[in-house]
Every structure is written in C-alpha cells, then in structure tokens.
Amino acid sequence: MKFRAQLASIALAALGAAGTLTARADSGWSQLNMTQGVTDISRRIYDLHMAIFWVCVAIGVLVFGVMIWSLIKYRKSRGAVADTTLLHSTRVEVIWTVVPVLILVLMAVPAARTLVAIEDTSKTGLTIKVTGFQWGWRYDYLDDGVGFYSHLDRKSDAARELTSGIDPNTVDHYLLSVDHPLVVPVDTKVRLLITGADVIHSWWVPAFGVKKDAIPGFINEAWFKVDTDKPGLYRGQCAELCGRDHGFMPIVVDVRTKADYAAWLKQEQAAQKPATPPAAAANTAAPAT
Amino acid sequence: MSTAAHADSHDDHDHKPHGWRRWVYATNHKDIGTMYLVFSGCMFFVGGMFAEGIRAELFKPGMQLFDPQFFNSLTTMHGLVMIFGVIMPSFVGLANWMIPMQVGAPDMALPRLNNFSFWILPFAFTLLLSSFFVPGGAPAGGWTMYPPLTLQTGASFPMLIFSIHLMGASSILGAINVIVTIMNMRAPGMTLLKMPMFVWSWLITAYLLIAVMPVLAGAVTMQLTDHYFGTTFFTAAGGGDPVMFQHIFWFFGHPEVYIMILPAFGIVSEIIPTFSRKPLFGYEAMVYAIASIAFLSFIVWAHHMFTVGMPLAAQLFFMLSTMLIAVPTGVKIFNWAATMWHGSLSFEPPMLFALAFVFLFSIGGFSGLMLAMVPADYQYQDTYFVVAHFHYVLVTGALFGIMAAIYYWLPKWTGHMYDLKLGTWHFWLSTIFVNVLFFPQHFLGLAGMPRRIPDYAVQFTDWNMVSSIGAFGFGLSQFLFLYLIIKCVRGGVRADSRVWEGAHGLEWELTSPPPFHSWSTPPSAAVIAHGAEH
Ligand SMILES: [Cu+2]
Chain A
2 MKFRAQLASI ALAALGAAGT LTARADSGWS QLNMTQGVTD ISRRIYDLHM AIFWVCVAIG
62 VLVFGVMIWS LIKYRKSRGA VADTTLLHST RVEVIWTVVP VLILVLMAVP AARTLVAIED
122 TSKTGLTIKV TGFQWGWRYD YLDDGVGFYS HLDRKSDAAR ELTSGIDPNT VDHYLLSVDH
182 PLVVPVDTKV RLLITGADVI HSWWVPAFGV KKDAIPGFIN EAWFKVDTDK PGLYRGQCAE
242 LCGRDHGFMP IVVDVRTKAD YAAWLKQEQA AQKPATPPAA AANTAAPAT
Chain B
11 MSTAAHADSH DDHDHKPHGW RRWVYATNHK DIGTMYLVFS GCMFFVGGMF AEGIRAELFK
71 PGMQLFDPQF FNSLTTMHGL VMIFGVIMPS FVGLANWMIP MQVGAPDMAL PRLNNFSFWI
131 LPFAFTLLLS SFFVPGGAPA GGWTMYPPLT LQTGASFPML IFSIHLMGAS SILGAINVIV
191 TIMNMRAPGM TLLKMPMFVW SWLITAYLLI AVMPVLAGAV TMQLTDHYFG TTFFTAAGGG
251 DPVMFQHIFW FFGHPEVYIM ILPAFGIVSE IIPTFSRKPL FGYEAMVYAI ASIAFLSFIV
311 WAHHMFTVGM PLAAQLFFML STMLIAVPTG VKIFNWAATM WHGSLSFEPP MLFALAFVFL
371 FSIGGFSGLM LAMVPADYQY QDTYFVVAHF HYVLVTGALF GIMAAIYYWL PKWTGHMYDL
431 KLGTWHFWLS TIFVNVLFFP QHFLGLAGMP RRIPDYAVQF TDWNMVSSIG AFGFGLSQFL
491 FLYLIIKCVR GGVRADSRVW EGAHGLEWEL TSPPPFHSWS TPPSAAVIAH GAEH
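Top line first, the protein sequences correspond to chains A and B.
Quick note, this note's numbering runs 1 ahead of the 1-based positions in the first sequence.
Quick note, this note's numbering runs 10 ahead of the 1-based positions in the second sequence.
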C-alpha cells in the first residue's frame with residue numbers, strides 16, 4: 002500500500018510536469034505524453050501509464066547508472082585490470098531475480114483492478130451500436146430509433162488527395178473531423194456494441210481510454226462515461242489497418258449536456274421519421290402476404 | 011594445432027569448386043554463410059528503401075508521393091522483407107559461419123541440406139518482390155496478414171502465401187541443420203555447458219523455429235483455402251472466426267520475436283566478455299534465462315491482441331505471463347552489466363554495438379513492460395508507441411546485434427582487419443540517427459497517432475519530420491558500413507588468429523581466414539580448455 006501511495010505521488014508530480022508539457026498547444030513539439038482524458042477510466046489508465054513509466058525510469062537509472070559507471074571507471078585506457086575471478090554470485094543473482102518479481106506483482110495489482118473496472122459493462126444508460134466499414138462508421142442508437150453514417154468531412158477529404166494542392170494546415174482539424182459526429186450526453190454510462198461490416202477496424206477515442214476492435218461476426222462491448230463538466234468534441238481514429246483508406250476514417254464524439262442531448266435526440270428522431278413510414282409499412286405488409 | 015589442421019586439410023583445397031559452381035553447388039558452411047549474409051545485406055537495402063519511402067511520405071501531412079494503397083504495400087513489404095529477408099537469414103548466415111568453428115567441427119552436419127535451405131530464399135523473395143508488378147499491387151494488409159483484409163489482396167495473394175511457405179521451409183531446414191550439428195559434431199570434451207553462448211542461443215532458437223514455422227505455414231494455408239477453395243476458417247459469414255487467425259498467427263509470432271533476438275543475446279554475450287577481458291558473469295544463469303524466455307514465449311501470444319475483446323481471465327493471464335518475461339530478460343541485462351563490472355574495457359566497434367544493444371534494447375524492454383499492462387495497452391495498441399517499441403527491439407536489438415557480430419568476426423572471416431576508425435564513425439552515426447528516428451515515435455504514439463497510416467493530423471507534423479530526418483540519416487550511414495565491408499574483404503592489414511586481445515573460443519584458435527574445412531581434426535582437450543574460458 003505504501004509503495005502504491007508513493008507511486009501515486011510520483012505519478013502526480015509527473016502529471017503536473019507532463020501536464021504543462023501537453024497543454025494541448027497547437028505546436029506538435031509539446032505533444033510528448035498520453036492525455037489524461039475526460040473519463041474516470043482514462044485517468045486511471047493515465048495514472049497506471051505514469052506509474053509504470055516511472056518504475057521503468059527508476060530501473061533504468063539504476064542499471065544504466067551501473068553500466069555507465071563501469072564504462073568510465075573500468076577502462077583499459079585508464080589502466081583498469083580485469084578481476085577474472087568474478088564469475089557468478091548466487092546471492093546477487095537471487096536478488097536480481099526476486100526483486101523484479103516483487104516490482105511486477107506490485108504493478109500487476111493496480112493494472113488488474115483497472116482492468117476489472119473497464120470490463121464492468123453493467124448499469125449502462127445508453128446503448129449505441131458502432132459498425133466499422135471501409136471506410137467510415139455507422140452509429141445506431143438502439144433504444145431511440147436513430148442511426149446515421151459518419152465519414153471524413155469534405156474539406157479533409159479534398160485536401161488529402163495526392164495532387165490536391167491544399168495545405169493541410171489550412172483545414173480545420175485535418176483528418177480528424179467528420180460529417181456526422183456521434184452525439185452522447187455527459188455523465189451517462191454509454192455502452193458501445195462494436196462490430197465490423199467487412200474487415201476488422203478498431204474504434205479508438207484516446208480521451209475516453211476506449212479502444213476496441215470492430216470485428217465482422219463479433220460484437221464487442223465497451224463503455225465510457227464522460228465527466229459532467231467536460232462536454233465538447235473528442236476525436237479519434239480507426240486503429241486497425243483496414244485497407245486503402247484506413248488513415249481516413251476518423252471518429253468524432255460530440256459530448257453534450259443532458260438537456261442538449263435530449264434536444265438533439267428529439268430533433269434527430271423527427272428528422273429521421275419521414276424515412277421510417279414506408280419501411281414500417283413494408284414490414285407490416287410482409288406477414289400478410 | 012591450427013597450423014597442423016591447416017596442413018592436414020591442404021589437399022581438400024584442391025577439391026574446392028571454382029567460379030559459379032563454388033556458390034551454386036556450395037556445401038561448405040563458410041561459403042553458404044557468406045551467401046546468407048550477402049543475401050540479407052541486399053534485402054536490407056531493399057527493405058530499407060521501403061522504409062525510406064514510408065518516412066518520405068510521412069515527412070509532412072498531406073499525401074505527397076504515393077497512393078494510400080501503395081503506402082500500405084510499402085509498410086507490409088518492409089515488415090516481411092526485414093523480418094524474413096534480413097534478420098532471420100543473417101542469423102542463419104552467422105550460425106553457418108560460426109557454429110562449426112565454435113564447436114570444433116569441420117562443417118555443418120548436413121551440407122547439401124544447407125545448400126538447399128539457402129537457395130530457396132532467392133526464389134522466395136523474387137516471388138514476393140515481383141508482386142509489386144501484378145494487378146492490385148503488392149500485398150497491403152500488413153505483414154501480420156490479418157483476415158479478412160488480407161483476403162482482399164489482388165493477384166499477389168498466392169505469391170504472398172507461397173513465398174511465406176518457402177521462407178518457412180528454408181528456416182526449418184536451417185534449424186534442423188543447426189540442431190544436428192550442435193548435437194552431433196561437438197569436439198570430444200565440449201559438453202553442453204561448455205558451449206559458447208552464441209551456440210547455446212542458436213540451439214534454443216532452432217527449436218523455436220521448428221516449433222512455430224509450421225504453425226505460420228498452417229495459418230497462411232488456411233487463408234489460401236479460404237480464398238480459393240471455399241473454406242471459411244476465418245470468414246464470419248461462413249461461420250469462421252477472423253480472430254482465430256490472430257491467435258494462430260501470434261502463436262507463431264511471439265516465439266518469432268525471440269527467434270529474432272536470442273541469437274543477438276548470444277552474440278552480445280560473446281562480445282562483452284572479450285572487450286571486458288573478463289569471463290561472462292553467470293554463464294549458467296544466462297543459459298537458463300534464454301531457456302526460460304523461450305518457454306515463456308509460447309504462452310504470451312495474445313498480448314499482441316488485447317483489444318480484440320477477450321475474457322477478463324484471459325487478459326489477466328496474458329498480462330501476467332508477459333510481465334514474467336521481464337524477469338529472465340532482466341537477468342541477462344544484469345549479467346552483462348556485471349561482466350563489465352571490474353573489467354578492463356576497450357571500445358572497438360563490436361563492443362560499441364554490443365553496448366548500444368544493451369542500452370537501447372533495454373529501452374525496448376521498458377516499453378514492452380509498459381505495453382504488458384492491459385489497461386495502458388488499450389491506449390498504446392496500434393499506435394506509433396508500438397512501432398517505436400518493436401523497432402528498438404528489432405533495429406537497435408536484433409540488427410545492432412548482427413552488426414556487432416559482423417564487426418566482431420569480419421577479421422576472422424576475411425583475414426584482414428577493417429578500418430576501425432570508419433567502423434567507429436558508422437557506429438556513432440547509426441546510433442545517433444536511429445534514436446532520432448525512433449525515439450520521437452514514442453511521443454507520436456502517446457499523443458494519439460495510429461500506426462500504418464499514410465497521412466496524419468497536423469499536430470503530429472513536428473515529430474514526424476524529426477523521425478524522417480533520422481530515417482534518412484540512418485539509411486545513408488549504412489552505405490558507410492557497406493563500403494567498410496567491401497574494403498575489408500578486398501584487403502587490409504593482416505589479422506592474426508586471435509584478432510582481439512581478450513577473445514576466447516575455438517574460432518580464435520583457427521587461422522584468419524580459417525581453413526576451408528574448419529576443424530578437419532577435432533581440437534584437443536587443451537585447445538578446448540584454452541578456448542572455453544567463458
Ligand atoms: Cu478502419
């Protein structure tokens with residue numbers, strides 16, 4: 002427990018340092034670390050990432066330190082004479098086998114706990130089916146009768162052509178904006194049922210700490226719950242090679258306040274209605290024949 | 011002793027075939043070793059060209075040079091060529107050259123098989139590389155060949171599958187030869203625990219190869235029948251399971267990672283004692299560490315696919331088994347550090363590359379440990395963080411190990427000492443540029459850039475430019491290496507049999523260059539004792 006607390010404090014200190022570095026500046030130079038994200042899970046992942054990072058740094062400083070010391074101190078050019086009796090030592094060999102095991106066990110505990118939390122898909126408030134296809138996403142709000150396709154937006158799509166002559170820097174959120182973002186409410190456990198229509202894709206929004214493969218014939222589950230005070234646009238990309246336009250099927254999630262979301266849903270339901278009656282009619286007609 | 015051996019074998023020199031027959035009909039382990047090394051050198055420049063193409067396209071955002079499909083072909087072919095055409099054959103080449111000399115044998119146990127296993131390779135790669143010119147272009151589904159995407163490959167699909175079959179056959183035959191040689195041709199008195207570390211590492215690697223190459227062959231054959239004969243092993247629409255391919259592939263793929271690194275462990279374990287003028291620390295622990303890494307490599311495969319949606323228990327198992335690999339790997343690093351402790355160090359090119367290996371491979375090991383943490387892996391998976399990780403392991407690991415080996419044994423092979431100054435230049439240029447190339451990719455991955463994309467959002471521009479500059483520098487530096495090797499083969503200061511002051515092992519008891527049939531009479535117990543002071 003003490004070790005964990007220490008890790009947490011180290012991670013927190015690093016978090017401060019890294020936070021200033023990754024202050025979402027437009028300059029790419031400052032993008033050095035994982036973002037903390039806007040969900041409880043994404044922050045736990047971030048803490049885990051920083052903890053294991055600092056464990057690695059500590060081991061690295063120790064081991065590299067010993068080696069660099071040897072490189073400086075035991076140079077032949079400085080007259081070092083080899084001690085050829087140093088063949089092995091059971092004691093140090095036991096130490097450097099057992100200590101890493103202990104460190105690993107200590108790291109495995111928080112990792113396992115976070116994993117258990119991630120896998121807990123109970124008590125969800127909203128279920129959306131996500132289908133990856135070559136090359137875009139389809140979102141279906143299973144309980145609300147709303148669904149739409151989401152593609153790379155036109156400006157990015159024009160600029161990414163081989164001879165477009167358009168400077169990507171002039172395009173707003175080049176390659177990271179879509180025509181129809183996924184809209185979800187804050188503070189709601191949103192469950193995603195993820196599948197693929199043709200090949201395997203992977204739905205990834207770093208700020209939510211969610212990456213799950215969209216596999217034809219499989220339905221994968223994932224969930225996220227965005228903090229109440231963090232509405233906004235969150236961007237991600239397909240993370241599994243899926244063919245020619247794999248790099249051009251971004252994900253944008255528009256997180257709204259609950260009231261805004263309800264208004265959007267109502268509007269969307271109304272807009273999609275005209276399309277439903279003929280389909281519904283066809284469905285009811287079918288059994289009659 | 012070595013002069014006596016030389017005199018005994020002198021009539022064999024007359025039987026040495028000349029001209030093209032020497033190479034096409036080659037049965038001599040050194041000639042075949044040379045062919046393996048020359049072949050992988052050629053492939054290194056081919057695969058490197060693909061990499062430079064990738065880095066050129068990624069130099070800045072927007073599509074500059076290629077169609078995205080061609081870009082995907084480049085990443086796919088870069089992976090296949092570097093793994094199956096560079097790293098694996100060059101280790102087999104080194105095994106061919108060194109194992110008979112290190113165990114006191116005249117040649118490999120199965121010379122004709124040896125010839126066959128090499129000559130398969132040029133055909134395999136001609137087939138694979140010519141796929142660029144067929145309708146639909148070269149394979150573009152990634153070197154991991156995941157279905158259903160790979161099933162969308164055009165006319166190059168069967169070329170891909172059959173070239174994989176050929177490469178696999180070549181590897182298995184090579185591995186059989188290594189095992190038979192080590193088990194049967196050791197000089198009397200050289201017990202298993204007196205074998206040099208390079209021989210040990212290759213013995214274990216050979217068993218890994220025989221265990222997993224057929225698995226890969228099976229997996230790609232199932233794709234072949236899915237494509238042409240109506241089976242649906244991996245097609246969900248027919249009741250198949252695309253994830254099953256990933257399980258089978260990585261059951262091959264993870265031991266494959268160690269196939270590409272264990273011989274480098276062996277090489278580094280030879281070089282560090284030589285230039286520390288001190289025996290390897292914890293020889294037996296090193297052997298057991300390699301063996302446990304090899305065993306563990308069979309039970310960690312699913313850590314390559316944490317995001318496919320596995321049961322919680324399976325994810326926990328693969329996380330723990332993966333973390334466990336850090337323990338024997340740590341033992342190896344600590345033993346190398348302890349070998350240098352209280353040594354008498356000098357820094358010739360082989361030692362420089364071996365040291366860079368220890369430092370930079372450790373960095374790859376650290377990021378590997380980070381990747382083992384499943385929740386964090388969800389963020390790292392399929393990003394440039396992973397790309398950085400496996401290039402630290404495979405370029406500054408496996409490839410630097412190979413370069414260290416070439417710098418270590420080149421004077422033995424050619425009988426000439428190479429230009430040490432040039433070698434040192436090559437080392438520093440390679441080491442600096444390789445870090446400029448791959449270190450920023452950690453940042454890109456953490457900032458959210460997926461791998462295998464031909465174009466990216468503008469906030470990733472800066473570090474991509476740095477990475478590309480590193481790639482160009484690293485690529486150009488390798489021409490220095492090429493020049494150094496050619497110069498050394500053609501002539502230079504004569505190397506004596508020991509070459510390096512602190513070198514121990516049977517290969518250093520032979521002349522430089524060694525006689526055509528390395529040990530035509532087995533070395534005496536005294537020679538083995540002199541050589542085997544590990
Ligand atoms: Cu995709």
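The beta carbon of each residue, even a glycine, is placed where N, CA and C say it ideally should be.
When the options are compared against residue i, the one with the closest alpha-carbon
i, options, result
"Phe367(B)", "Gly276(B), Pro116(B), Phe126(B)", "Gly276(B)"
"Phe327(B)", "Ala59(A), Val62(A), Ala112(A)", "Ala112(A)"
"Val131(A)", "Thr125(A), Tyr140(A), Glu162(A), Leu183(A)", "Tyr140(A)"
"Lys77(A)", "Ser286(B), Trp518(B), Gly374(B), Ser478(B)", "Ser286(B)"
"Ala535(B)", "Met475(B), Leu516(B), Leu404(B), Asp387(B)", "Leu516(B)"
"Lys422(B)", "Arg508(B), Thr201(B), Ala295(B), Leu456(B)", "Arg508(B)"
"His88(B)", "Phe259(B), Val405(B), Gly340(B)", "Val405(B)"
"Met92(B)", "Cys52(B), Ala324(B), Asp472(B), Gly353(B)", "Cys52(B)"
"Val446(B)", "Phe371(B), Gly425(B), Phe484(B), Asn38(B)", "Phe484(B)"
"Glu269(A)", "Ala215(A), Val185(A), Val200(A)", "Val185(A)"
Within 8 Å, strictly: CB atoms of residue i and residue j
i, j, result
"Ile271(B)", "Ala408(B)", "yes"
"Ile129(A)", "Val56(A)", "no"
"Thr40(A)", "Lys213(A)", "no"
"His202(A)", "Gly133(A)", "yes"
"Ser173(B)", "Val144(B)", "no"
"Met250(A)", "Gly137(A)", "yes"
"Thr98(A)", "Val337(B)", "yes"
"Ile252(A)", "Gln273(A)", "no"
"Phe49(B)", "Pro99(B)", "yes"
"Ile281(B)", "Tyr394(B)", "no"
"Asn124(B)", "Asn187(B)", "yes"
"Asp180(A)", "Asp154(A)", "yes"
"Phe308(B)", "Pro265(B)", "yes"
Whole-angstrom distance between residue j and residue i, CA atom to CA atom
i, j, result
"Ile96(A)", "Ile42(A)", "35 Å"
"Gly292(B)", "Thr85(A)", "12 Å"
"Leu234(A)", "Val230(B)", "42 Å"
"Gly218(A)", "Leu75(B)", "36 Å"
"Phe256(A)", "Leu127(A)", "It is Val, not Phe, that sits at residue 256(A) in the sequence shown. If you take the alpha carbons of Val256(A) and Leu127(A), they lie about 13 Å apart."
"Leu369(B)", "Phe65(A)", "Checking the displayed sequence, the identity of residue 369(B) turns out to be Phe instead of Leu. Cα to Cα, Phe369(B) sits roughly 7 Å from Phe65(A)."
"His16(B)", "Pro523(B)", "With a pLDDT of 43 at His16(B), under the threshold of 50, the modelled position of that residue is not reliable, and the figure given next carries that caveat. If I take the Cα positions, the gap works out to 11 Å."
"Thr171(A)", "Leu72(A)", "51 Å"
"Asp251(B)", "Thr36(A)", "34 Å"
"Tyr402(B)", "Phe448(B)", "7 Å"
"Arg192(A)", "Asp48(A)", "23 Å"
"Tyr235(B)", "Phe244(B)", "The sequence shown places Thr at residue 235(B), not Tyr. So the two alpha carbons sit approximately 10 Å from each other."
"His175(B)", "Leu486(B)", "33 Å"
"Ala185(B)", "Thr191(B)", "10 Å"
Ligand 1 heavy atom lying under 7 Å from the CB of residue i
i, result
"His202(A)", "yes"
"Gly63(B)", "no"
"Met250(A)", "yes"
"His175(B)", "no"
"Phe247(A)", "At residue 247(A) the sequence reads His, which differs from the Phe that was named. Yes, the beta carbon of His247(A) sits closer than 7 Å to at least one heavy atom of ligand 1."
"Glu120(A)", "no"
"Trp136(A)", "yes"
"Gly133(A)", "yes"
"Cys52(B)", "no"
"Glu241(A)", "yes"
Would you list, in chain order, the members of the stretch 161-187 of chain A that have their beta-carbon closer than 9 Å to a beta-carbon of chain B?
Answer in chain order: Arg161, Glu162, Leu163, Thr164, Ser165, Ile167, Asp168, Pro169, Asn170, Val172, His174, Tyr175, Leu176, Leu177.
Against chain B: residues of the stretch 237-257 of chain A by CB proximity under 8 Å:
Look at the stretch 237-257 of chain A: the residues with a C-beta under 8 Å from a C-beta of chain B are Gly237, Gln238, Cys239, Ala240, Glu241, Leu242, Cys243, Gly244, Arg245, Asp246, His247, Gly248, Phe249.
Within 7 Å of chain A by C-beta, residues of the stretch 473-489 of chain B in sequence order
Correct list: Trp473.
Members of the stretch 158-171 of chain B near chain A, C-beta cut-off 8 Å
Those residues of the stretch 158-171 of chain B that come within reach of chain A (Cβ to Cβ, closer than 8 Å) are Pro158, Leu159, Gln162.
Where the stretch 56-79 of chain B meets chain A: residues whose CB sits under 9 Å from a CB there:
From the stretch 56-79 of chain B, only Lys70, Pro71, Gly72, Met73, Gln74, Leu75, Phe76, Asp77, Pro78, Gln79 have a Cβ closer than 9 Å to chain A.
For the stretch 438-464 of chain B, which residues have a beta carbon sitting closer than 7 Å to at least one beta carbon of chain A?
Answer set for the stretch 438-464 of chain B: Phe453, Leu456, Ala457, Gly458, Pro460, Arg462, Ile463, Pro464.
Just by C-beta distance, which residues in the stretch 271-296 of chain B are closer than 7 Å to chain A?
Answer in chain order: Ser286, Arg287, Lys288, Pro289, Phe291, Gly292, Ala295.
Can you pull out the residues from the stretch 95-112 of chain A whose beta carbon lies closer than 8 Å to at least one beta carbon of chain B?
Residues Trp97, Thr98, Pro101, Val102, Leu105, Met108, Ala109, Ala112.
Going along the chain, which residues of the stretch 210-232 of chain A sit with their C-beta nearer than 8 Å to a C-beta in chain B?
Going along the stretch 210-232 of chain A in chain order, one finds Gly210, Val211, Lys212, Lys213, Asp214, Ile216, Pro217, Gly218, Phe219, Asn221, Glu222 with a Cβ nearer than 8 Å to chain B.
Identify each residue in the stretch 63-83 of chain A for which the Cβ-Cβ distance to at least one residue of chain B is less than 8 Å, and report them in chain order.
Correct list: Val64, Phe65, Val67, Met68, Ser71, Leu72, Tyr75, Arg76, Lys77, Ser78, Ala81, Val82, Ala83.
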